Structure formats: structure tokens, C-alpha cells
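First up is the structure itself, then whatever we jot down about it.
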Amino acid sequence: MPEVHPNTDQVIADNREYTLFSWSVQNQTHPIHMTGGKGSYFFDADGKSWLDMASQLININVGHQHPKVLQAIKDQVDKMCFAGPSFATDVRAELGKKLSEVTGLAKSFFTLGGSEANENAMKMARLYTGRDKIITRYRSYHGATMGSMSASGDPRRWPVEPGIPGIVRVFDPYMYRPPMGMTAEQWEEGSVSHIEEVIQMEGPHTIAAILVEGITGSNGILIPPDSYYPRLRALCDKYGIVLITDEVMSGFGRTGKWLATQHYGITPDIVTCAKGLTSGYMPLGAVIVNQEIADYFENHFLSGGLTYSGHPVSLAAAIANLKVYEDENLFEHTLELGKHLGERLEAMKAKYACVGDVRYIGLFSVLELVKDKATKEPLAPFNGTSPEMGKLAAYLKSKHIYAYTRFNMIWVCPPLVITKEELDAGLDAYEEALALVD
Ligand code: PLP
138 MPEVHPNTDQ
148 VIADNREYTL
158 FSWSVQNQTH
168 PIHMTGGKGS
178 YFFDADGKSW
188 LDMASQLINI
198 NVGHQHPKVL
208 QAIKDQVDKM
218 CFAGPSFATD
228 VRAELGKKLS
238 EVTGLAKSFF
248 TLGGSEANEN
258 AMKMARLYTG
268 RDKIITRYRS
278 YHGATMGSMS
288 ASGDPRRWPV
298 EPGIPGIVRV
308 FDPYMYRPPM
318 GMTAEQWEEG
328 SVSHIEEVIQ
338 MEGPHTIAAI
348 LVEGITGSNG
358 ILIPPDSYYP
368 RLRALCDKYG
378 IVLITDEVMS
388 GFGRTGKWLA
398 TQHYGITPDI
408 VTCAKGLTSG
418 YMPLGAVIVN
428 QEIADYFENH
438 FLSGGLTYSG
448 HPVSLAAAIA
458 NLKVYEDENL
468 FEHTLELGKH
478 LGERLEAMKA
488 KYACVGDVRY
498 IGLFSVLELV
508 KDKATKEPLA
518 PFNGTSPEMG
528 KLAAYLKSKH
538 IYAYTRFNMI
548 WVCPPLVITK
558 EELDAGLDAY
568 EEALALVD
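Each step along the sequence shown adds one to the number in this note's numbering, with nothing skipped, and position 236 is 373.
Structure, rendered in C-alpha cells:
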């Protein structure tokens with residue numbers, strides 16, 4: 138249960154004096170002093186519970202402090218806390234086997250998180266194909282390390298421009314706002330055919346990989362039309378390009394399946410994952426490759442790995458976390474609750490003038506807010522904020538609802554363990570906030 142912390146002002150002051158916060162201008166940070174959590178809630182130092190409608194960073198899928206994952210971590214710590222990355226371990230065998238089983242791919246290379254997984258996926262695709270260029274999309278985020286940030290398309294890459302060489306960007310399956318004045322119908326065709334044009338102009342023999350998020354997360358839950366992935370898969374096959382799907386955010390139950398691309402019936406050549414792999418209990422990511430790529434590295438040097446790659450405690454956390462998904466039928470729960478979430482989001486779109494679009498799959502969803510439904514003028518500019526978005530976020534904070542907002546969007550991505558009653562309570566607060574800016 139939440140407890141009042143005796144010295145919270147000092148803790149916050151020391152955090153600010155001695156540490157740097159990520160993605161922040163330091164004197165503009167207002168961190169919540171977090172002290173614990175349970176299920177869909179986390180606790181602050183004032184003894185308040187917050188409903189976590191963002192699952193922290195859309196990662197804590199089994200909820201806060203799940204006892205089975207905690208126990209597995211404790212057991213592994215007692216047994217063996219560390220083994221170097223070139224040693225065989227029980228947990229490495231068990232998790233590798235499980236990931237092959239649930240993805241239909243061949244082998245896993247373990248990393249410390251999503252950014253590093255994407256770094257290695259791009260590197261492997263370059264080594265395997267002998268080609269240099271990587272096609273990515275504009276409204277994408279692939280991580281904060283140099284290569285992954287360069288591969289990202291959204292403004293978070295701007296500070297590292299020009300980034301690593303060889304990144305070529307294309308437009309996204311953003312059906313609410315297709316590029317170049319196209320209709321959604323035209324863009325359904327164009328979203329893949331323009332990638333083929335780009336491949337031809339760049340030279341197919343120069344393209345190592347296409348790297349796309351399984352379903353775009355932090356740029357607004359962009360759900361591709363049904364035809365998108367089969368066509369992208371065919372394009373990669375036609376030109377010998379490696380299809381890498383970044384399932385760091387969309388994978389591991391977030392959409393109600395192990396991988397978002399499983400909704401589309403395709404298998405990528407490489408999948409990268411992190412977040413929901415351990416639900417954030419320990420740092421871990423993976424690059425999961427198909428048989429051909431795995432075979433290639435049987436007799437070619439795999440140049441990469443860190444001191445902490447395949448850390449046994451992280452692997453043990455992942456094994457227990459994946460077991461919780463299965464034992465508690467969390468994917469079925471996600472799909473079922475996702476239907477209810479979709480109905481509520483559609484009702485909000487019908488009721489509030491400021492809700493321009495809602496996009497949802499499983500418990501991965503967003504409301505896109507506008508000043509005017511007809512013109513679709515956003516409620517806050519791209520890469521900016523507005524008084525209305527500030528008001529909405531402040532209201533939710535005042536109700537101890539933790540929500541992720543960015544530009545003109547607000548996400549609904551609670552832990553997969555959330556109950557219908559908890560979800561409805563969160564959504565009721567969202568509605569009160571929408572009414573303030575409608
Ligand atoms: N890829 C996607 C799609 C993400 O959403 C993120 C993080 O939000 C990353 C990669 C980076 O993962 P990490 O923060 O674990 O390095």
C-alpha cells in the first residue's frame with residue numbers, strides 16, 4: 138500500500154542536483170517521486186495511488202510488482218547473478234527456445250533494450266546482405282542510441298543529424314492524414330507502391346533492410362491497412378531486402394498477440410523487441426532472426442555484444458513474465474478488453490468535437506485531437522504543445538491518472554492486467570478532461 142515518504146522534498150532535490158533526467162531540459166522537469174506500485178497503479182511519496190494508463194513507458198505489461206516475476210528475479214539472484222555473454226546458461230536456452238516458438242523465427246541475440254536491439258538488427262542486415270542502406274519511416278521511433286536515433290524519423294532524431302549514413306526515409310501508413318493531399322483510399326495503394334519507387338531510385342542492390350515499427354507507437358498508433366504488410370513482405374522478397382519489424386512497443390501482448398505483425402499473417406526476417414519482453418522488471422531486448430540469417434552467422438563473424446548481453450537475471454525475469462502472459466490468459470483479456478476500449482473511444486469521437494480520430498488495437502490506442510473535425514487542424518502543432526493540451530494533461534494529473542500525451546495526441550495503453558472497472562475509471566477521467574477543451 139502507498140505510504141507517505143518522510144523526506145520527499147530532499148529526495149526530489151537530490152535527484153535534480155546530482156542526476157540528469159532523460160529527454161528533458163533539466164530546469165523544466167517535475168518528476169513524481171515514485172515509491173512502489175501494485176497491478177495497474179503506482180504509488181507516490183505523498184501516499185497517493187496513480188492509475189497507470191501509460192504502463193510507464195508502455196512497457197509494464199503485467200502491471201506493477203507482479204509477484205511471480207519478482208520471485209523469479211529473486212531466485213535467479215540467489216542461484217547465479219552473472220555469467221558472461223559467451224557462457225551457456227539454463228535461462229538463455231529456455232528463453233531462446235520460447236522466443237523461437239512464439240515468433241516462428243530461428244535464433245535470438247540478447248541486448249539490454251530496444252535501441253540496442255535495433256542497432257544490432259541494422260548491423261546484422263548490413264553484414265548479411267553486404268548492402269548499406271536502411272529504409273525507415275518518418276513517423277517512427279527506434280531508440281536513442283546513435284544508430285537507432287538516426288533510423289528514427291520523428292523530431293527526436295534532429296539533435297543527432299546527420300546521424301549514421303545510409304538511412305532513407307519513406308512516408309507512413311497514416312490513414313487519417315495521408316501525404317500529398319491523397320485520400321485514404323489512394324494512400325492504401327500508395328503507402329507501399331511509393332516505397333517501391335524509392336527502392337528503384339536508390340538502387341535495389343544498395344538496400345539492406347526496411348525497418349518499420351510493427352505498429353507505430355509513440356507517433357500515434359498508426360494502424361496499417363490489411364494489405365500493407367503482405368505487400369511490404371512481397372516487396373522485400375522481390376528485391377532481397379531484409380524486413381525488420383521493431384516490436385519493442387507493439388509486441389508481447391500489447392495488441393493481443395505476441396507480435397503485431399501476426400495480425401497481418403506475415404513473418405518478418407528480423408524482429409526486435411524489449412519493453413514487454415520483461416515488462417520492464419529487468420533491462421532486456423532481443424534481435425530474433427530467421428533461419429537464413431542465423432545460418433549466415435554460423436560461419437561469418439557476428440561483430441557485436443556487450444558485457445551484460447544475456448544477463449541471467451534479465452533472462453529469468455523474461456521467462457517468468459512470458460509465463461504470466463500465458464498462465465493468466467492476458468492476451469485473450471487484452472483482445473476482449475480492447476473491444477470495450479474501442480467502443481468507448483468511438484463513443485468519445487462521436488461525442489466530442491475535439492476528437493478527430495481514434496486508433497486502437499488490443500490495449501494499444503490513441504485519441505488524436507483537433508480544433509476542427511472538418512479541417513483536421515491539430516489541437517497542438519506537430520512537435521509542439523498548446524494551452525489546450527496543457528490543460529488536459531494537468532487535469533488528468535490532478536486526478537492522479539498517469540497518461541502519455543504528445544503533440545495533439547493522448548494515448549490509452551494501460552497494463553494488460555487492468556480490469557474493466559479500472560479502465561472505465563481512467564476513461565471517465567479522460568472524458569472529463571476532453572470536456573474541458575471541447
Ligand atoms: N523502438 C520502439 C518502437 C520504441 O517505442 C522504443 C522506446 O520507446 C525503442 C525502440 C527504444 O527502446 P529502449 O528505450 O528500450 O532502448
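Note that beta-carbon positions come from the ideal geometry of N, C-alpha and C, so glycine has one too. Treat the numbers as computed from the prediction; the structure is a model and nothing was measured.
Counting only runs of at least 3 residues, the region 362 to 412 fully encloses the following beta strand (DSSP E) elements, listed from N- to C-terminal order: 379 to 383 and 407 to 410. In the assembly as shown, Val162 is an exposed residue. Its beta-carbon has fewer than 16 other beta-carbons within 10 Å. Taken through DSSP and simplified to helix, strand or coil, Ser440 comes out as coil.
With fewer than 16 neighbouring CB atoms inside 10 Å of its own CB, Asn520 falls in the exposed class.
Residue state for Met319 is assigned as coil, using DSSP reduced to three classes. Contact check between the region 241 to 261 and the region 400 to 412: three or more CB pairs, one atom from each, fall below 8 Å, which counts as touching. Counting only runs of 4+ residues, the alpha helix (DSSP H) found wholly inside the region 142 to 206 occupies 145 to 155 and 192 to 195, in chain order. Contact check for Met138 against Ile538 fails: the beta carbons are separated by 7 Å or more.
Using a Cβ distance threshold of 7 Å, Leu396 and Gly351 count as a contacting pair. One Cα belongs to Met338, the other to Asp406, and the distance between them is close to 23 Å.
In the displayed model, Asp291 falls within coil according to three-state DSSP, outside both helix and strand.
Non-local beta-carbon contacts of Met286 in its own chain, meaning distances under 6 Å to residues more than five positions away in sequence, involve Arg294 and Val297 in chain order.
Taking every protein chain shown into account, the CB of Lys234 has fewer than 16 other CB atoms within 10 angstroms, so this residue is exposed. Ala453 is not a Cβ neighbour of Thr415, given a cutoff of 7 Å.
The region 435 to 448 and the region 355 to 370 do not touch, with fewer than 3 CB-CB distances between them shorter than 8 Å.
Between Ser446 and Pro292 the beta-carbon gap is near 31 Å, outside 8 Å, which marks them as no contact. In this structure, the straight-line span from the alpha carbon of Leu564 to that of Lys216 is close to 43 Å. A contact between stretches requires three or more CB pairs, one per stretch, nearer than 8 Å, and the region 302 to 321 fails this requirement with the region 236 to 247. Annotation: Lys460 is outside any beta strand (DSSP E); the continuous alpha helix (DSSP H) that includes it extends over Pro449 to Asp464. Following the DSSP letters along the chain, one finds Asp227 inside the alpha helix (DSSP H) bounded by residues Asp227 to Thr240. In terms of Cβ geometry, Tyr418 and Val206 form a close pair [threshold 7 Å]. In this structure the region 164 to 175 does not lie against the region 504 to 523, because fewer than three pairs of beta carbons, one per stretch, are closer than 8 Å. With respect to Ile272, Val329 sits apart: the two C-beta atoms are not nearer than 7 Å. The three-state reading of DSSP puts Gly340 in coil, since its state is none of H, G, I, E or B.
Leaving aside the five residues that flank Gly300 on each side, the residues in its chain whose CB is nearer than 6 Å to its CB run, in chain order, Ser287. Close CB contacts of Ala220 within its chain, under the 6 Å cut and outside five residues either way in sequence, are with Thr226 and Pro449 (chain order). Within a 10 Å sphere around the beta-carbon of Ser502 sit 16 or more other beta-carbons, which makes this residue buried. Out of Leu504, Leu533 and Lys557, the CA that lies nearest to the CA of Leu472 is found in Lys557. When the five nearest sequence neighbours on each side are left out, the beta carbons in the same chain lying within less than 7 Å of the beta carbon of Glu333 are those of Leu372, in order along the chain. Excluding sequence positions up to five before and after Lys486, its CB lies within less than 6 Å of the CB of Val492 and Val495, all in the same chain and listed in chain order.
The shortest C-alpha to C-alpha distance from Tyr401 to any of Arg368, Glu569 and Gly377 is the one to Arg368. If you check the CB distance, Leu500 and Leu467 do not come in under 7 Å. Cα atoms of Tyr433 and Arg370: separation of roughly 21 Å, rounded to the nearest angstrom.
Between the C-alpha atoms of Ala281 and Asn427 there is a straight-line separation of about 26 Å. Residue burial is scored here from C-beta neighbours: Lys270 has at least 16 other C-beta atoms within 10 angstroms and is therefore classed as buried. Per DSSP, Ala423 is one residue of the beta strand (DSSP E) stretching across Gly422 to Val426.
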